[in-house]
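Reading through the structure tokens given below for one structure.
Residue numbers (UniProt numbering): 1 to 169.
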């Protein structure tokens with residue numbers, strides 16, 4: 001790994017195999033091209049034999065997503081508005097991804113993902129949700145909105161909370 005860190009840019013053939021300077025790309029190259037170390041587990045297994053109920057399938061229905069955001073109406077106003085506004089672009093991006101990499105997209109395991117946005121909780125005292133409509137700090141809300149939209153569209157089972165009591169359930 002030390003040699004890869006220092007020498008990966010010396011020969012352009014590394015880039016042809018996807019080496020981009022990250023530790024992950026070094027590991028993939030060393031395991032799949034040079035065969036110096038074991039293949040990464042998530043790259044070696046095929047998911048074509050996954051039962052249908054365990055496969056992630058695209059979810060296009062926003063009302064089902066918004067039903068997952070129930071513990072504090074004010075905390076989700078900005079998130080819902082952003083996702084609704086950008087949803088056509090998310091769908092276009094998904095369709096583009098399907099056309100480019102169908103085997104990758106269609107054979108994925110459906111994950112159960114807990115998303116707790118503690119900075120929005122009443123216990124935190126930050127009031128980001130309430131301030132979002134009057135120009136409060138939106139960076140965190142933008143990132144969470146996009147993450148929620150992407151994971152939902154990709155077909156994962158989400159549990160979304162902003163309050164501690166909801167998370168404990």
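By construction, the Cβ of each residue, glycine as well, lies at the ideal position given by its N, Cα and C atoms.
Residue nearest to residue i in terms of C-alpha spacing, selected from the options
i	options	result
residue 60	92, 69, 43 and 71	92
residue 167	71, 29 and 10	71
residue 144	16, 84, 116 and 153	116
residue 107	75, 68 and 43	43
residue 157	67, 20 and 7	67
residue 64	28, 155 and 21	155
Counted within 10 angstroms of its Cβ, other Cβ atoms place residue i as buried (16 or more) or exposed
i	result
residue 149	buried
residue 98	exposed
residue 56	buried
residue 85	exposed
residue 159	exposed
residue 12	exposed
residue 153	buried
Residue i - DSSP class collapsed to helix/strand/coil
i	result
residue 4	helix
Problem - Cβ contact check for the segment 29–43 and the segment 112–123: 3 or more pairs under 8 Å - result: Taking 8 Å as the limit for Cβ pairs, the verdict is that the segment 112–123 does not touch the segment 29–43.
Handout entry: Runs of beta strand (DSSP E) wholly within the UniProt domain "Glycosyltransferase family 18 catalytic" (13–168) (minimum 3 residues, chain order)
Key = Listed in chain order, they are 112–116 and 157–161.
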